[in-house]
Amino acid sequence: MAGRAAARSTPAPPGPQSRPGGASAPLRRLAGGRASGFALIAALLALWQVSAEHWVRSENWPPLTAIARAFLDGVRSGELAEVFGSSLYRLAIGYGIGAAAAILVGLLMATVRTVHRALEPLVELLRPIPVPAIVPPLILLLGLDDKLKIFIVAFSTFFPVLVNTVQGVRAIDPVPLAVARTFRHSRLRTLLRVALPASLPYVMAGLRISLALALIVTVVAEMIAGSAGIGYHIVTMQYAMRAADMYAAIFVLAAIGYLLNRAFLLAERRLLHWYRTDKTE
Amino acid sequence: MRLTRRRFTAAAAAAGALPLIAPRVRAQAVKLRVSTIPIIDTAGLQIAMAKGFFKEQDLEIDTTPTAGGAAGLPALAAGQVQIAFSNIISTVLAVKQNLGFLIVSGGSGTGDAPPDLAGIVTKPGAGLKTGKDFEGKTIAVNTRNNIIWLYARAWVKKTGGDPDKVTYLEVPFPQMIDAVRGGRVDAAFVVEPFFSAGQASKAVELVAWPYSSTQKRIPVAQFVASKAYIEANPGTIEKFVRAYNKGVDWMNANKGGDEWAGIIAGYTRLKPEQIKSIGLPVFEKTVDPRGIDETVALMREHKMLEGAVDAKAMLYKTAVEAVK
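Next up, the structure:
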């Protein structure tokens, strides 16, 4: 349901996208015009620092200065790069497989009625299952290594993209399809040249939801059965009483999530330049 | 990524060296995958790896650490690993389900007297001293129906309380001291290193040693393998246990030293100065079936288990008599 709702809300009607220009326009573009947003983050971080120094007494609430030190150590030793590299590698493969499979199956489900009838109940049954619930049988089938985690990421990526693709194809204006039929385009050609591009705004919305989900699921999977990656690193540091190192990794994780989303929006804008630019982003 | 790169480098090196060693027939190292938990209890294994004791036995150990160890026995059942480090409660429950596991060597345990590697702590001056005092109160345990929970209940009963009148709340070990400090629980049964750190910060005070006040020499955790693998590879198991035992001997001889602390810091990621200050488990090479019997009796008393368990039948011969 979430996927469907988001798909409906994300492709909002086109709106004016003018921003006040000026001398600081490039700088403002860089920050995406969110100065007040970043100010809020800075204020919260300042609150964190003050609270850790004066109010909260706990090993699990280190001051930001300690976290910054841990971050620099982690960068210098190359550990953070290794930890994140290994997670992002699994994320990329799992996401790629899950997204490609979902678009393919989605196109088939939306255009071939028998496929839809055959798969819909299964999809609706599998979709709400939280991945941690099925980890034990997955360990049995896939082991403990990359295969397990890549499958989990692909599984989580699959459903939002699938549901949005089906919705997207269903929402296509019938006129272009009729035109394609008039010109006696083959079914495959119509699918690839008309249906897929026309449903792309929906597909992209699904891909974007899945991207955030995939990052979360990667980390969770590594926490459950991991020996590498961000999730394992975070748990290990927690159990080693190195909260500063743990938060350093969490901050990097947040930054990566943010950057992935920004990069995705940029790509989307390129790909869907004909459609519209999302005002709210 | 790390593994892949390491494997790649190894493969490249092997390919490069191939012409040189090809004429000689070399004993192929047997690969063993071992599921471990990155805690101090697995120090013997890590030391045997770091000191090359497995290599001496022509074994190549690939560890699969999982935080918390929940994946250990499922992975063993699935044949994804050949040996798993498992706590005695999980092992007994698995044996009871006829999963075909045997204990191949000792692991970590408690001693005859405190200090243990875990204890019950409260806020300073809380005035809770016995199990009777804890009726109607809350004790934090890491997982219900496991070893910490069982010995918390056993201690409550032993010191005059009704274990069913105490609430056991699941709190992860790293958050236990905060939970006590914040008044979210009345007490916590917390393990090292959080136990020492909590006491050092004066946030909590020690109330009881549930382990050694209910049972001497508790067999807390062991290394387990499947019967099928043991029967097919008795020599490999013996080599594994021999190397592991050498690691235990080395550790007992070098406890507290810099090299020892360095190896433990390497896999637990604890800071070396912290390692030297925490309480240590007893590192065992063999397992006394009487210890398992006592634990099983407690499990039955607290309704974790029905029926008898033959402790001796859980032990492979390498866990009964130390392999030299």
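Heads up: the sequence lines are chains A and B, in that order.
Under the working numbering, the very last position in the first sequence is 281; numbers go up by exactly one each time.
Under the working numbering, the very last position in the second sequence is 324; numbers go up by exactly one each time.
Even for Gly, the Cβ is constructed at its ideal location relative to N, Cα and C.
Computed from a predicted structure; not experimentally measured.
Considering only C-alpha positions, which residue in the set the options is nearest to residue i?
i, options, result
"residue 155/B", "73/B, 216/B, 318/B and 251/B", "216/B"
"residue 146/B", "135/B, 183/B, 196/B and 94/B", "94/B"
"residue 213/B", "303/B, 118/B and 54/B", "118/B"
"residue 236/B", "82/B, 126/B, 153/B and 48/B", "82/B"
"residue 159/A", "129/A, 44/A and 263/A", "129/A"
"residue 288/B", "111/B, 262/B and 60/B", "111/B"
"residue 207/B", "223/B, 186/B, 193/B and 221/B", "186/B"
"residue 170/B", "182/B, 152/B, 140/B and 181/B", "140/B"
"residue 292/B", "305/B, 273/B and 310/B", "310/B"
"residue 184/B", "73/B, 138/B, 78/B and 272/B", "138/B"
"residue 98/B", "105/B, 104/B and 90/B", "90/B"
"residue 222/A", "199/A, 132/A, 69/A and 124/A", "132/A"
"residue 45/A", "57/A, 34/A, 62/A and 58/A", "62/A"
"residue 203/A", "124/A, 219/A, 275/A and 260/A", "275/A"
"residue 265/B", "264/A, 273/A, 241/A and 252/A", "241/A"
"residue 365/B", "167/B, 197/B, 245/B and 298/B", "Chain B is shown only over 1 to 324; residue 365/B falls outside these bounds and no answer can be derived."
"residue 245/B", "39/B, 33/B and 56/B", "56/B"
"residue 76/B", "139/A, 109/A, 121/A and 187/A", "139/A"
"residue 35/B", "221/B, 174/B and 153/B", "221/B"
Might you give, ordered along the chain, the residues of its own chain that have their beta carbon closer than 8 angstroms to the beta carbon of residue i, omitting 5 neighbours on each side?
i, result
"residue 9/B", "Its pLDDT being 45, under 50, residue 9/B is placed unreliably by the model, and the measurement read from it follows with that caveat. Nothing listed; no residue qualifies."
"residue 213/A", "156, 157 and 160"
"residue 261/A", "208, 211 and 212"
Within the same chain, show all residues whose beta-carbon is closer than 6 angstroms to that of residue i, passing over the 5 residues directly before and after it, in chain order.
i, result
"residue 106/A", "162, 165 and 166"
"residue 209/B", "114, 116 and 119"
"residue 67/A", "244, 247 and 248"
"residue 247/B", "44, 47, 48 and 53"
"residue 30/B", "59 and 236"
"residue 312/B", "289"
"residue 98/A", "154, 157 and 158"
"residue 22/B", "Because residue 22/B sits at a pLDDT of 44, beneath the cut-off of 50, its placement in the model cannot be relied upon, and the point is left open."
Should residue i be labelled buried (16 or more other beta-carbon atoms within 10 Å of its own) or exposed?
i, result
"residue 314/B", "buried"
"residue 51/A", "exposed"
"residue 86/A", "buried"
"residue 174/A", "exposed"
"residue 258/A", "exposed"
"residue 78/A", "exposed"
"residue 54/A", "exposed"
"residue 75/A", "exposed"
"residue 65/A", "exposed"
"residue 182/A", "exposed"
"residue 268/A", "buried"
"residue 150/B", "buried"
"residue 108/B", "buried"
"residue 284/B", "buried"
"residue 293/A", "Here chain A has residues from 1 to 281 only, and residue 293/A is not among them."
"residue 226/A", "buried"
"residue 325/B", "Look at the range of chain B in this structure, 1 to 324, and you will see that residue 325/B is not part of it."
"residue 42/B", "buried"
"residue 174/B", "buried"
Counting only the same chain and skipping the five closest in sequence on each side, list residues whose C-beta sits under 7 angstroms from that of residue i.
i, result
"residue 321/B", "286"
"residue 93/A", "150"
"residue 238/B", "318 and 323"
"residue 241/B", "104, 105, 318 and 323"
"residue 49/B", "61"
"residue 5/A", "Residue confidence is low: residue 5/A scores 41 on pLDDT, short of 50, so the model does not pin down where it sits. Its coordinate-derived value is still stated next. Closer than 7 angstroms at the Cβ level, and outside the excluded window around residue 5/A, lies no residue."
"residue 274/B", "193"
"residue 205/B", "121, 122 and 124"
"residue 160/B", "130, 131 and 132"
"residue 211/B", "110, 116, 118, 151 and 218"
query = What residues in the region 175 to 186 of chain B bring their beta carbon closer than 9 angstroms to a beta carbon of chain A?
reply = 175, 177, 178, 181 and 182
key: Residues of the region 239 to 251 of chain A whose Cβ lies closer than 7 angstroms to any Cβ of chain E, in chain order   = Absent here is chain E; the protein component of the structure consists of chains A and B.
query = Given a limit of 8 angstroms on CB to CB distance, which residues of the region 79 to 93 of chain B reach chain A?
reply = 80 and 81
task = Would you mind listing the alpha helix (DSSP H) stretches within the region 120 to 178 of chain B that are 4+ residues and don't spill past its ends, in chain order?
result = 147 to 158
task = Write down every uninterrupted run of the alpha helix (DSSP H) in the region 167 to 217 of chain A whose length is 4 residues or greater and which is fully enclosed by it, in chain order.
result = 174 to 182 and 187 to 190
query = Just by C-beta distance, which residues in the region 122 to 156 of chain B are closer than 7 angstroms to chain A?
reply = none
query = Of all the beta strand (DSSP E) runs that stay within the bounds of the region 36 to 68 of chain B, which reach a length of 3 or more residues?
reply = 59 to 65
Interface positions of the region 47 to 75 of chain A facing chain B (Cβ-Cβ less than 9 angstroms), listed along the chain = 57, 58, 59, 60 and 61
Beta strand (DSSP E) runs wholly inside the region 183 to 226 of chain B, at least 3 long, in chain order = 187 to 191, 205 to 208 and 221 to 226
request  = Report the residues of the region 90 to 104 of chain A with a CB closer than 8 angstroms to any CB of chain B, ordered along the chain.
outcome  = none
query = Which runs of the alpha helix (DSSP H), 4 residues or longer, sit entirely within the region 85 to 171 of chain A?
reply = 113 to 126, 135 to 142 and 146 to 170
query = Taking Cβ-Cβ distances below 8 angstroms as the criterion, which residues of the region 260 to 273 of chain B are in contact with chain A?
reply = 268, 269, 270 and 271
query = Closer than 9 angstroms, Cβ to any Cβ of chain A: which residues of the region 189 to 204 of chain B, in chain order?
reply = 193, 194, 197, 198, 201 and 203
request  = Taking only beta carbons into account, state which residues of the region 135 to 165 of chain A come closer than 7 angstroms to chain B, listed in chain order.
outcome  = 136, 139, 140, 143 and 144
Interfacial residues, the region 280 to 301 of chain B to chain A, with Cβ spacing under 7 angstroms = none
key: chain B contacts made by the region 218 to 241 of chain A, where a contact means CB separation under 8 angstroms   = 223, 224, 225, 226, 227, 228, 232, 235, 236, 237, 238, 239, 240 and 241
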